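Residue numbers (the numbering used here): 348 to 827.
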Ligand code: NAI
């Protein structure tokens, strides 16, 4: 029986391994992690991550050919294929601080694999890593190999949170990079055979190691760039009276461009886009390509600009002060259908409002109070470390109140900010919300989910990103 072990039971390791176990009943899959609480949650009825369809997959295989364990060394030593899906945070100190990937967790995983291995292994990079990481890992493994053959593959993951199971069942492509040696090619075939259980072979792309590593960074940079492009247009739409939804619809109809990832919003978030672009920027700089580095940096700058612009809009339209005013925040996760808050734009928007002394009442259907308080108190980049290594939960911020209902959040509020596109925000009883708010009552829609005409008819002053402005907003221009 082929045995697979995955180091790192996170948003990537958990769902990908669950799907491999489901699709390959004859393969035994163990997912291991140093976080005891995470593994306990994977073995419980309440999984550590919220992902539509994940519960079903896990229930079907757990205890059959899918196991979650903290016994990292045992499972690694027994495995034929070891996936490594650990955190790759942005460095906060030393060389490349604020840009380069911190490979501490990756390196420690590689050294442990070398230490405990007694048989040949294929080691698969699942984490997103800088180009040439595989080469470094290969060196660590081969210098400590005791005669064992290690083949390194790069198999970056392209799933999107919120649709992870669907993406894993039906991927646009699976990418496998390996050495162009007979051993490397054999390893590629072994991994291709695993995916070929359910992925058509023409969607399994095999490349050299460096192409696979770079393709992942490039794909995320291209996706984020589309969002920054439409967000840049949204600012121009507001200034000119154009409607960004109409512009992106017209632009997206061009088959060379396509309609996806063209929704204007308060900005992109999630654990990957910013981190991967910063990493790409750093690699460009290291390779003497400052023009290319600056090009990609701009994608992040526009994203930051969009968040600042949103906060400024709120403050300026409320007579230039939100001090002591209750503002309801609807949605905190970085997108709908996930409880993930890593790099969510809500953090920067809330911090901006708190900086102006607002009182925040926050509601998200999937994010609890502890998480929100941690996020608002945590330093930039601290989030991307294993939970038990993150700073202890700090004292909560008094200006922030977390509630479990949109109506409680909006009661007596001066303004409502929609920061995540949860479906339920489209169908709220906005008349009831209006009746219970202070007047004038504002809605700032950072995801363009509300029906502006309906809300205006109720009496709200509405700001929707990239849409023609209410007279009120025109009269109170925001300086970004
Ligand atoms: P995560 O933080 O959810 O999971 C990483 C896990 O690795 C944590 O549970 C941590 O405790 C564990 N870990 C760290 N060092 C370990 C060690 N030495 N031994 C055992 N366990 C260890 O991170 P996530 O989101 O799963 O991301 C993992 C990688 O995949 C990152 O490189 C990320 O950039 C990449 N990625 C993430 C995607 C996403 O949507 N979240 C999509 C595609 C790639």
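Where is the CB? At the ideal position from N, CA and C, for every residue including glycine.
Please read all numbers here as calculations on a predicted model, not as lab measurements.
Inset, instruction - Examine the ligand NAI and report whether any of its heavy atoms sits within less than 6 angstroms of the Cβ of residue 352. - result: no
Legend entry - Start and end residues, alpha helix (DSSP H) containing residue 623: 620 to 633
Legend entry - residue 547 beta carbon near the ligand ZN (any heavy atom closer than 6 angstroms): Ligands present in the displayed structure are limited to the ligand NAI, and the ligand ZN is not among them.
Legend entry - Segment limits, beta strand (DSSP E) that includes residue 524: 521 to 525
Legend entry - residue 413: first and last residue of the uninterrupted alpha helix (DSSP H) it sits in: From DSSP, residue 413 is part of no alpha helix (DSSP H) but of the beta strand (DSSP E) over 413 to 416.
Legend entry - Expected contact under 8 angstroms - CB spacing of residue 368 and residue 408 to nearest Å: 4 angstroms
Legend entry - C-beta contact flag for residue 846 and residue 796 at 7 angstroms: This structure does not reach residue 846, given that the chain is present from 348 up to 827, and the question cannot be answered.
Inset, instruction - Using beta-carbon positions only, say whether residue 615 and residue 567 come within less than 7 angstroms of one another. - result: no
Legend entry - Minimum length 3: unbroken beta strand (DSSP E) runs contained in the region 445 to 475: 468 to 472
Inset, instruction - Using a threshold of 7 angstroms, state whether the C-beta atoms of residue 352 and residue 422 are closer than that. - result: yes
Inset, instruction - Could you name the residues of the same chain whose beta carbon sits closer than 6 angstroms to that of residue 581, not counting the 5 residues immediately before and after it, in chain order? - result: 591, 611, 812 and 813
Legend entry - Cβ pair residue 762, residue 674 closer than 7 angstroms: yes
Legend entry - Any non-hydrogen atom of the ligand NAI closer than 6 angstroms to residue 458 Cβ: no
Inset, instruction - Answer with buried or exposed for residue 411, where buried requires no fewer than 16 other C-beta atoms within 10 angstroms of its C-beta. - result: exposed
Legend entry - Reference residue 526, options 579, 506, 542 and 502, closest by Cα: 502
Legend entry - Validate contact between the region 443 to 455 and the region 513 to 532 using beta carbons, cut 8 angstroms, 3 pairs: no
Legend entry - Cβ shell of residue 606 (< 6 angstroms), same chain only, five flanking positions each side left out: 599
Legend entry - DSSP state of residue 799 mapped onto helix, strand, coil: helix
Inset, instruction - List the endpoints of the continuous beta strand (DSSP E) containing residue 670. - result: Segment: none, residue 670 is in no beta strand (DSSP E) and carries neither H nor E.
Legend entry - Backbone secondary structure at residue 652 - three-state DSSP: helix
Inset, instruction - State the Cα-Cα distance for the pair residue 475 and residue 506, rounded to the nearest angstrom. - result: 12 angstroms
Inset, instruction - Would you kindly work out how many angstroms separate the C-alpha atoms of residue 306 and residue 809, rounded to a whole number? - result: Residue 306 lies beyond the stretch modelled for the chain, which goes from 348 to 827, so this question has no answer here.
Legend entry - When 497, 418, 668 and 713 are compared against residue 687, the one with the closest alpha-carbon: 713
Legend entry - DSSP three-state assignment for residue 754, whether helix, strand or coil: helix
Inset, instruction - On the DSSP bridge assignment, give the partners of residue 501 in chain order. - result: 472 and 524
Legend entry - Same chain, Cβ closer than 6 angstroms to residue 449, neighbours up to 5 away in sequence not counted: 436 and 438
Inset, instruction - Can you say whether residue 564 is buried or exposed, counting buried as having 16 or more other CB atoms within 10 angstroms of its CB? - result: buried
Inset, instruction - Counting only the same chain and skipping the five closest in sequence on each side, list residues whose C-beta sits under 6 angstroms from that of residue 390. - result: 415
Legend entry - Burial state of residue 723 (16 or more Cβ within 10 Å): buried
Legend entry - Exposed unless 16 or more other CB atoms sit within 10 angstroms - verdict on residue 470: buried
Legend entry - Proximal residues to residue 699 (C-beta, below 6 angstroms), its chain only, five neighbours per side dropped: 658
Legend entry - Burial state of residue 621, where buried means 16 or more other Cβ atoms lie within 10 Å: buried
Legend entry - Rounded C-alpha distance that separates residue 753 from residue 779: 11 angstroms
Inset, instruction - Helix, strand or coil for residue 530, going by three-state DSSP, please let me know. - result: helix
Inset, instruction - Identify which residue in 539, 488 and 628 has its Cα closest to the Cα of residue 477. - result: 628
Legend entry - DSSP-derived helix/strand/coil call for residue 426: coil
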